[in-house]
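Heads up, the sequence shown is in this note's numbering, so the first residue is 37 and it goes up one at a time.
From the three backbone atoms N, C-alpha and C, an ideal C-beta is built for every residue, glycine too.
Predicted, not measured: the structure shown is a model, and the values here were computed from it.
Read through the structure below, which is laid out as structure tokens, and then see the notes.
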Amino acid sequence: MLDNSMSTAEAQQYDLSDFVPVQIGSLHTVVSPRLQIALLVQLISQHTEEIRHKTRQLATKVETRSNMDPSHPGAPINNIIGKDIRGEEEDLRDRLDSISERLNMHSQFQDHRSLDR
């Protein structure tokens with residue numbers, strides 16, 4: 037009985053129809069859909085951090101210019117950029133959290149299903 041379940045698990049592990057192609061730079065490979073989603077979440081999170089950092093740099097430059105030249109219209113722009121970016125970050129973070137939760141629930145469901153077999 038144990039041998040049969042191990043054989044089934046091994047066969048399922050290597051079933052290429054369960055995998056999706058992924059390209060990261062010049063690397064071409066195949067991964068499970070769950071891993072693909074996890075990679076996408078990680079990639080989006082990384083780009084969000086980069087965008088946040090660059091936005092803060094831009095806001096600092098605008099603020100510095102507006103402090104040097106009182107006629108510079110940078111202060112209102114800085115406030116608009118900051119508020120808009122914070123809202124987008126919160127929306128993206130909420131969606132990423134939702135995707136991560138669904139991914140965890142799905143993997144727990146899959147684990148329970150595999151134990152039932």
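**Asked** Is the beta carbon of Leu132 less than 7 Å from the beta carbon of Val77?
**Response** yes
**Request:** Note down the Cα distance separating Ser136 from Pro69, rounded to an integer number of angstroms.
**Result:** 13 Å
**Request:** Label Val56 either buried or exposed according to how many other C-beta atoms from any shown protein chain fall within 10 Å of its C-beta, with 16 as the threshold for buried.
**Result:** exposed
**CA-to-CA distance, Gln93 to Glu125, given in whole angstroms** = 16 Å
**Prompt:** Straight-line CA distance for His128 to Ile73?
**Reply:** Reading off the sequence shown, one finds Leu at residue 128, where the question assumed His. Each residue's alpha carbon lies about 15 Å from the other.
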